[in-house]
Structure formats: C-alpha cells, structure tokens
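> Have a look at this one before I ask anything.
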Amino acid sequence: MTFHITFPKFRQVDRSFEQIHKKSLIQNLSMSYYSDPSKRNENEIPTYSYNDNNQGSQQQSELHEFTWIINDFNKSALDKYQSEVFDCEDFKIQICIEFDELDNASCILLFTDIKANLNIHYEIGLCNWIPPKHTLSANKKIQPTSDEESLSLNMNLTRSQFEDPSHGWISNDTVKMMFKATSFQMADLTGASSKKETGYVGLKNQGATCYMNSMLQALFHIPAFRRVVYNMPTTGNEDPERCIPLNLQRLFCRMQFSELPCSTKALTKSFGWGDIDTIMQHDVQEFCRVLVDNLEEKMKGTELENSIANIFKGQYKSFIRCKDVEYESSRIEDFYDLTLQVKGCSTLSDSFEKYIEKEQLVGDNQYEAEGYGKQDAEMGVEFMKFPPVLHLHLGRFEYDFDRDMMVKILSKLEFPEEIDLSPYLAKDADRTQSTIYDLYGVLVHMGGVSAGHYYAYLRTSTDPQWYEFDDNVVTKVDSNAAIQNNYGGSAKKSNYGAYGGHGGYSGYGYSGYNYGKSYSAYMLVYIRREDASTIMDPIPNSSVPTHLIQYFDQALKDEKMKKELKKAESKIINAIVITEDDISVNSQMDVIGFEPKREIQPIKINKTATYEEMYEKFAETLNLSVDEIRVWDTNYNKIPSKVVPRRNNIQVQKHYLYSSTFFIQRKAVDELLELNEDQITFYVKFFFPDAPAPIQYIGNFTLNFDDQISTLVDKVNEKLGFPKDTRLLLFQECINESAAEKSIEGTFEEQKIGGGIVIFQVHPEDKIPKLVNFTLKEPLPIPTNENENNKSNSTESTSKTENEREKIPVIKSSDIIPNTIKKASEYYTTKYNTQIVDIYDYNNKNTPLFSLEFDTKTPYPKLKQIIAKAAKIDFDSGNDTMIFYKKDYYFDKPDHHPVDTVTQKCPHALFSYYHGINNNRLYFRIFKGVNDSTFRQMNEYTVQFSIDARNLTCERTFLQKKDAKVSELLKDMIDKSEELKQFFCKNKIDESILRIYQMKDHKFYKRLTLETRHTQPDDVLRIEIIPENQRNLKNDELLIQISFIRENQYGFNTGYNRPAGAGFSFFFIIKKDETFGEIKKRVIENIPDYDNNNKFYLRTLGKDGGAKRDTVDDDCIVSEKYFEGSRIYVVLKNKPKKNIYDQAVKIYN
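Numbering (the numbering used here), first residue to last: 4 to 1152.
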C-alpha cells in the first residue's frame, strides 16, 4: 500500500523554526509502508556509485540514524511539534510535525549548515506501534542549492487519525519518528568556490559562448595582452552599449578582482549581439581573429597601434624557387596564428614539417620564371620569425567527400611542453632571438561536428601549475590532465559505458571497449622562453586604471544592494492584482482572457500577514470596502480558480511564497464571501457586431451549477435593459482565442459550462434592442510595446529597408471578398487568426507582390480566389491548379515541397515561429489547364539534357504522371524544347548512346535506362549524349566522374557545415598510367575561368571496400586506386549563401 505525497510551494516555517524559504527541490515523491525502520538493515537505503572520473566527488559519508520520540502528544495538543537538531556532519537536520487549520498533518524537514555542493539521500519514517502494521516512510535524494533548505511533506493523516490509538501511530501518548541519511559532495558547477581554491574566477556561459569564454581566459592570462587592454584610451564615459574596449577592460577588471564567476553580457552587447548570437556555436580560433582585428582597428593612430602585433604577429615567406637558375618569387606575409594539419601526423613536429613541405613544380607543371622560361622549381613557405606568443590551431575538422559531410579528426597528435622551432626558420631569417618555446595553453574541443564544448587548460604564470577553465568553474589540474590527456586518439574504457569527466562515450555494457576520444586539443598557446618573464609579468592591482577600479567598486555596491533588496523582498510577496476593469479594458482592445495588457504595479504583502490583512490591503489599494471584494487565486492562464478565504488564522506564507496573481471580483456587501461547491461565477461579455468595439464586458453573475441557463439569459437581458424575451446566443471564450457556441437549453451542468468568461449576443436574425442600462465603450489601442510586438510578428523581418517595405501594398482580404460576420464565434476566429503575410509569385521569388491581411483559417479554395484577384491573375479553380509553398526553414526561398492543401484545410499551421525564425511569407504557383484532381496524380520533374555531355543544353521542369518512365520524360522534354526537337529530327539517336543518371546535389548518383521509372522526382534527371570518344574506351582508358563542390566559410579544416554541390558534373577519360597531377592539368583545361586556388581531391576505395576520400600526391597513379564509383572533386573557392545557422563570427561595433 502506498501513500503519495507532493511538494507544492514550500511552507514557511516560523522564526522559532529558523525561517527558511527556498525554491522547491522535489516535485513528487511517494510514501510507502515499510517495516519498522529500527528493525531494518541500514543497506535498505539505496547507495549510489559514481564514476571516478566525476571530478570533485567525495566518498559517501557513513550512515547517520536518529530517533525522535514525542512524549505527551495528546496532552500537549500543539499545532506544531519540533525535534532537537541532529548533527549529520555535513549538515544538520530538524524535524517538525505541523497541523494546519483543517487538522491535516505535514512533516517539515529543516536542513541547516549544509556544506557546499552536497548531495543528500535521506529516509524519514513515522513508526506504527501495532504489529504487523508498517511504518509510513519517504526517501529521496536531494541537492540543496544553499546552506539552508526546508522541505514540506504531506503525511495524508489528520489529527484524529494521529491521536486514535487504534491506527497505531501513537502508543502511551508517544509518537516515534526515525530519520537516516547519507551524503557526499559533488563537483562545484557554479564556480562559487573557484577563487578560494585557485585564485581565479570563471566566466558565465550565455548559452553557447564556451568558445568565447575559453579564448577570453586564454587572453586574460597573458598579462602582456591584459596590460594592452588596460592601457587602451578610455575614460569610463564612453557608451557602454557600443564601446568594446571599455567593456573588455571592465570584464578583465572583474576577472582580476571578483570572487565569483563573471558575466560577459555587457561585452557581447557591445559586440552588437542579441540573444540569438549567444546561442550560436562558433569556432574559437575564428573568434580570436575577429576580436583581435577589431581591437587593432580601434587602436590605429594611437600609441598602442602595434602593441597586439608585438605579442602575436609572426612572419613567413611564400616562395617559388627555381632549382637550376638563380630566380625566386616570394612575398613576406604576417600571421597571428597558424593552422596545422592533424590528419596523417603523429606529433606537432610532423605538422610543422607538413606546413613547410615543398611542392615540386616539374615536368608539365614547370614554373614560368620571368626571363628564364619554364623551370623546375619548388613552391612552399618558410618562417621568417615567430612571435613571442604563438597560437597554433590544430585542424581537426575536414570535409568527407564520400559521406558528403564535415567530420572531426580524432587521431592522436602529441605536442610537447617544450619545442624548438629553429628547424622551421628560413635560411635568411633573423636567428638572434631564441626559438625555444614552452606550452602555456591548451584549448580543448569536446564533441563532434554539429555540437560541442570548449574549455581551456592554462598556465597563468611561469610557475608550472596548470588550471582548467570550464565556463564558471576553475580547478587545479596536473600537467597530465592538461597535456597528455588531450592528445586525442583512442582510449580504453574498463567499466560499463558512461560519460566520465571530459570524455567520449564508451558504449553501454561493454568492458574494455576502445573508443575515439571526443575531446582533444584544438588550439595551443606557446610562449618564447626568453620572453616569458616579460609576457607573464603579473599586473598588480594598483596598475589597473582608476576608472575601472571605481566601476568595479560601484558594481560591488550595486550587487550588495541587490542582494539586500532581494533579502528584503524574500519577506514579502508581490501580489499581481487583476480586476474586472481589466476584463473590460481587454474587451475594448480586442484582447481575450483575464490577463491585462497594461503594466501592473504589484502590491507588496508581508508573508507573515494574515489572509484578513491581505484582503484589507487589496481593498485599500482599490479604494473599496473589504466587504465589496472577493479574492480569487488564479491558475497558470490567470483564470480565477478558487476563492481565497478571509481568515485571521492563516498567514499568507502558508500558500504563497513568491509573486502570485490574484483576481478581485466585485460583490454586494451583504453577499457571502465564500462560495459553496455548486456555485459558479460567470464573467459576461456581449457581442455587438456593428459597434466600434464589438466586444463589451457587462459584469459578473454567480449562479448554481444546476441552474437553468435561461436564468443567466434573463439576468443579461435585465442588465442591458433588453426585453425579457430577447433571443440570445451563448458562447464560451476559450484560451485558444476562439469562442465555442453553447446551447441555452437545459442546465449549466448538462451543457458542461463551468463558469469563466462567456459571450452573449442577440440572435443574428433579430434586431438589437435599444440599450437602457448600459453604455457602449469606445475601442482602445493596445499599449505601444504590444503594437511593436504585433508588427514584428505579422510582417517578416528581412533585409529590406523600411522604405522598401513601405512600397509593398497591404491588401485586406475583406476588401477582395467581403466577409460578413454574424456570430461572436466568427468574430473571434477572424480577429485572432488574422495575420499579415507577404505573398510571392513563385516565378519571382525575390520581391513580394503584396502583403495580404487575412484570416489564416480561411479555407484554401477561398484563399486561392483572394490571391488571384489581389494579384489580378486569370485563375479558374475548375480548370487550373494553384499550389502554395511556405518559406524554406533556413533560406529566403520557397520550401522544396508544396503545401499539402488536401489534409490541411487552411494555412493556419504554416505561420509559426521557431527559434526566432519568421515564416510569414507564402509563395503561390499556378498550373494552367490542370485541375486539382489531375494535379494530385502527377509529380513535377526537372530534366536536364546535354548534347555534348559537358555543357547544359537545356533544362525543363514540368508535370508528368507519378513514377513516369524516363522515356516519357524525355518525350515531354523534346516537346517542350524547340532546340531538342530540331536536334532529334536531324540525328538518329539510339538509346545506346544515351547516358541517363539520377543526380543528387549536382553529382551523378544512379544510372537509369529509358524504361526505368523515375521514382525520385526531387532528384534532377540528367540525359546526355555520350561523346564518341567515351563510347568505346581503349584498353588503357578509364572513365571517372568530375564533380564540383563549394568550400564553406571555414575551409575544410574547421567549422561545422558541409559544403554544397555545384556546377555541371561530367565524365572524363583518364589513362591507366596517368598521374593525378597530369589528370588535374587536363581537367583544368576543360574548366572555363578556372581559379588556381581551387583544390582537387580523389574519391577511391578503402581497404574495407567502402568509398573514401584519399589524399594523394600529384605523382600518384590514379588507376591503381580506381574503382567504378571513383570521382575527382574540384573544390570551388567561391562561397555559397549562408543560412542563419551557418554564419561567421561577426562583431558589429
């Protein structure tokens, strides 16, 4: 048998029980009957095992058990019984049994002196004295958020049950309770103790700003950079919403002086970022580049112009050097970081060797040297000088051509604590400076391509101690955790699958499973050893600019004041009071429900005040007699739910601890306050179709649930001065902004009408009688901020300027097809579902024809007529088809698939918002001469035809029956193209010389025949004439595909988004003994306007038989790696248009 207990808002425990009010930790528990706790084995309290990798966890404490005996229980007859304080080492516990005004029993647990980050597992039981009855018990694991917590348990027992010996809860006027608990400390995830334990503070994550936090910590802990930031010419009087140097200074000042994790919100706000920018994942290296560029731009023309460059800037020489003649073409370039290859390298030295590896320009690829003609040469880079602080970016992201996606390289790359960079310097480089560098920073990326997390390991001085900076939390770590553990590669998991610390998932249920670490070093920070004492020279507090110290001191005072205010506010509740006037004003503004649109100033009520005193406070504020009001508690939707009793023996804190919303109903002075179970209250509105403000609030009426509805009809007619026999219709206002019509026959109970807001109207067939006792109110505008919100919700946020938007006409659907509203339900449907949507012709996707204001629940057939008339287009619904497309989720273009207007009867569901993406545009497309029924049996196909298999001759998109044969599509293609008609008339084309492919993302995917049914209409169908030289290949010839893709904004070593296919793929003949370099040269000759920066990759066959992208040298014989699906990718440098989730880091100010 089980008792269920719940935890509503925690009860206030009076001062004698040390007033503590905290947020509820637990929402639901169960109380079960157990045997007497005194006879149970202590192991019956479950114990929890935690992975050793959980940093900061401590050993579980021993079991603590206490017995509380309450003597003379009935004799004392108290409302509250309190135990002594029991000491459990990591916390103290005090127990209270309390009876409320209805004599229901509660057990209150008061935890005090709780150690930080403690996890407590407790069990409490009320012992039953009559064998074999069992103990009433509850157990739960909690994680307190402060050093004091109170917990209230409903025991589901009344005082009479407690006091009756036959129930067994009392014996000889004695009650016994048992309490037992264990506890352990978890890692501090708040960072509150970081300063005390390490001397440093973390940075708060705003959603997805771990990349920024990691880099800011890395920059802050280079004192030379911090010194530059502090010296930036600011006064403290600059605009804090736009001045990046000031906000960076203030952040660094906080990081130097604060005791708690610091917020970066002011800094990101000065970047020009909004909420959506802080939840977008970015690359830590890219952020560093953008931030440093921004700061350097702001320091131009000042004494600090080259100060950042003096820390981070190195130089390398790009050269082409002839082997046989004294000729060299070179240029010196600056760098602030280096991207090093990971794939194929096992050490950092290997990566440097790859970086300076020379490309041989020989044979057909000789270099044209000015004055010397074609020459064998070497092309490469060599370093001229390394900066004092060297940022190395490890390229762990690349594009997998065969899987068509970005992948993360998990292979192991070892990097040393000390490295000598002299082998990588050019012969003519300045070697007067030391090239011995020590490792000071390891920035780690954990996760995969689509999502991940950054954190940093840093040395903060020349001392060898390492620290981990993970957003809020800073901890001391050893060099193994900072360095060796972040090489990447695989690890062996000896226990069952789990996430342990910073690690990859081991796979549940497998012991000894090897897995690729999901975490590895992503950026390294090396500092020249001979410069370290200068670069890492500590900045004393006295060196921080005065205006920053003053700012920090004021910020501390402000925070202290906020805490004091919060502490004072913890003793009060903010009562939000809604009145019937709000319903009336809402009606005038065409707003449904009880919740007002006005700004409400809360009424402050002391938590120790009684309900009677709360009534008096409300009455005084409303300038009414306390006998004229009835106070209602409200639910989530601000709908009155139950009457608050007006009593002197109940404190407000009994049920309300924080902000609460109350509804105040006006009542007659002699009317009883509390309602019986059968009474229901109606808040009545009336619909006047032709009035300026059609919905008017007329008042409240309280009736019985079993009353006839006609009773309320009579009262409404009387209220308005209408004749008693006036026919009325009744509607129930719903929270989904609709009005449901109800019958006025029978009782409220029979019609399931339980009160709330209802709307009446005169029957549409009757004339509205003259109003006698009621004056119509004028319409009111919604407050300005709501108007702005509505505007942003009803028109699309695009790149268009306001002037451009003003040129777009707004057409009301009611002006096209008048909409006569006769019933309140129709008014609600039209009013609350009306939106303004930009209407686009599918064939002109860039500019809307007009904006249409219409009811989104308009049936599609009617909407088609409206749009056709508004666009002044000839459209016959019986013979033509109009289809609609919603906006693509990512791009400003139509979605690929048309809207299903068969199962979806209206467009209401189309216009929703997700992650701030506005979909308020609709594209329409008309197919003349094809009715809806015929259209549903057809698909739209895109067919390409090429006469030379190298260039697109023509492309057509047209309708054909579903699963049409390729031959049928080719016939339609010829019929629709005059050029193809002439070609096929002049030439006899046999199927044997046709090459037919289903294309995916511009790449050859599947070969088809004329008799094949094309079942994937979303994929382009390519039909081409096979060139004569490809029809009968020679023994030494092979056919390979040439495909084009576009590089994304990050290149192929970083970033999270795959590049897109592009261009016109084609087949190309290669020789069996031909090298990759020779093939590339011939391919380039076949690509017009070729960009020399483009890259080539080869798709070959892996050892396991699967396709893979192979990095091959120019002298590789391609035929040795060839298989039927081989493909050469040409990577185009021009970038595609980005979607909203594929954006580079931008700082706007």
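Think of the CB as a built atom: it goes at the ideal place given N, C-alpha and C, for glycine as much as any other residue. Just so we're clear, the structure is a prediction, and the values are computed from it rather than from any experiment.
Taking the alpha-carbon positions, what's the D693 to L783 distance?
Approximately 16 Å between the Cα atoms of the pair.
> Count the other CB atoms, across all protein chains shown, that sit within 10 Å of the CB of A184; report buried if there are 16 or more and exposed otherwise.
Looking at its Cβ environment, which holds 16 or more other Cβ atoms inside 10 Å, A184 is buried.
> Excluding the five sequence neighbours on either side, which residues of its own chain have a C-beta within less than 6 Å of the C-beta of Q220, listed in chain order?
So the list reads A459 and F472, once near-sequence residues are dropped.
> Given this structure, state the Cα-to-Cα distance separating L1036 from E971, to the nearest angstrom.
Going by the C-alpha atoms only, they are around 30 Å apart.
> Pull up the distance between the alpha-carbon of L254 and that of G277, whole angstroms please.
Using only the alpha carbons, I get a separation of about 18 Å.
> Out of curiosity, what's the CA-to-CA distance linking L1041 and I999?
Cα to Cα, the separation comes out at about 19 Å.
> Based on DSSP bridge pairs, tell me the residues matched to H67.
Looking at the DSSP assignment, H67 forms a beta bridge with A184.
> Express the C-alpha separation of Y830 and V594 in angstroms, rounding to a whole number.
Whole-angstrom Cα-Cα distance: 12 Å.
> Which partner residues of G519 appear in the DSSP bridge assignment?
According to DSSP, which records beta bridges pairwise, G519 is partnered with S493.
> Considering only residues of the same chain and omitting the five flanking positions on each side of S795, which have a CB-CB separation below 7 Å?
For S795, the predicted structure reports a pLDDT of 40, less than 50, and the residue's modelled location is therefore unreliable. A value from the coordinates is still provided. None.
> Helix, strand or coil, according to DSSP, for F260 in the structure here?
Helix.
> Output yes or no for whether 9 Å exceeds the beta carbon distance between K179 and I73.
Cβ atoms of K179 and I73: closer than 9 Å.
> Run through the DSSP bridge pairs and tell me what E744 is partnered with.
According to DSSP, which records beta bridges pairwise, E744 is partnered with F734.
> Write down the C-beta distance between F1071 and I1048 rounded to the nearest angstrom, noting that I regard them as a contact closer than 8 Å.
Not confirmed; about 16 Å, so no contact.
> Using three-state DSSP, classify N796 as helix, strand or coil.
Since pLDDT at N796 reaches only 39, below the 50 mark, its modelled position is unreliable, and no value is offered.
> If you follow the beta strand (DSSP E) that D473 is part of, which residue opens it and which one closes it?
Unbroken beta strand (DSSP E) run through D473: W469 to D473.
> Less than 9 Å between the beta carbons of I762 and L723, yes or no?
No; because the gap between Cβ atoms is not below 9 Å, this pair is not in contact.
> Y863 to T956, Cα distance in whole Å?
Cα-Cα distance, rounded: 38 Å.
> Taking 8 Å as the limit between beta carbons, can you name the residues of its chain near I1028, skipping five residues before and five after?
Excluding positions up to five away in sequence, the list reads S949, I950, D951, A952, I992, I996, L997 and R998.
> Could you tell me the boundaries of the beta strand (DSSP E) in which L925 lies?
Run containing L925: R924 to F930, per the beta strand (DSSP E) assignment.
> Run through the DSSP bridge pairs and tell me what G1064 is partnered with.
In the DSSP output, where bridge partners are listed per residue, G1064 has I1048.
> Pull up the CB-CB distance for R324 and E381, whole angstroms please, since I reckon it's below 8 Å.
Contact holds; Cβ gap of about 5 Å.
> Identify which residue in G398, Q164, S163 and K301 has its Cα closest to the Cα of M235.
It is K301 whose Cα lies nearest to the Cα of M235.
> Would you mind working out which of V905, V902 and N846 sits nearest T960, comparing C-alpha positions?
When only C-alpha atoms are compared, the closest one is N846.
> Relative to the C-alpha of Y618, which candidate in Q654, K320, F704 and K865 has its C-alpha closest?
Checked all of Q654, K320, F704 and K865; the closest Cα to Y618 is Q654.
> Give the straight-line distance between the Cα atoms of E299 and M215, rounded to the nearest whole angstrom.
Going from the Cα of E299 to the Cα of M215 covers about 18 Å.
> Do you know offhand how far L706's Cα is from E674's?
Approximately 13 Å, taken between the alpha carbons.
> Provide the residue span of the beta strand (DSSP E) that contains G444, from first to last.
Residues I439 to G450.
> Does DSSP put F223 in a helix, in a strand, or in coil?
Here F223 sits in helix by DSSP.
> Determine, using beta carbons only, whether Q378 comes closer than 9 Å to chain D.
No chain D is present in this structure, which holds just one protein chain.
> Can you find the residues in the same chain that come closer than 8 Å, C-beta to C-beta, to Y2, ignoring five residues on each side of it along the sequence?
Nothing in the structure corresponds to residue 2, since the chain is present only between 4 and 1152.
> Using 9 Å as the threshold, is the C-beta distance between I579 and I603 below it?
Cβ atoms of I579 and I603: closer than 9 Å.
> Spatial neighbours of K979 within its chain, please: C-beta separation below 7 Å, excluding the five flanking residues on both sides.
Closer than 7 Å at the Cβ level, and outside the excluded window around K979, lie R959 and F961.
> Where does D191 sit, in a helix, a strand or coil, going by DSSP?
Three-state DSSP puts D191 in coil, outside helix and strand.
> Looking at the unbroken beta strand (DSSP E) that takes in T884, where does it start and where does it end?
Segment T884 to K889, the beta strand (DSSP E) holding T884.
> Using a Cβ-Cβ cutoff of less than 6 Å, which residues in the same chain neighbour W132 once the five nearest sequence positions on both sides are dropped?
Here the set comprises G171 and S174.
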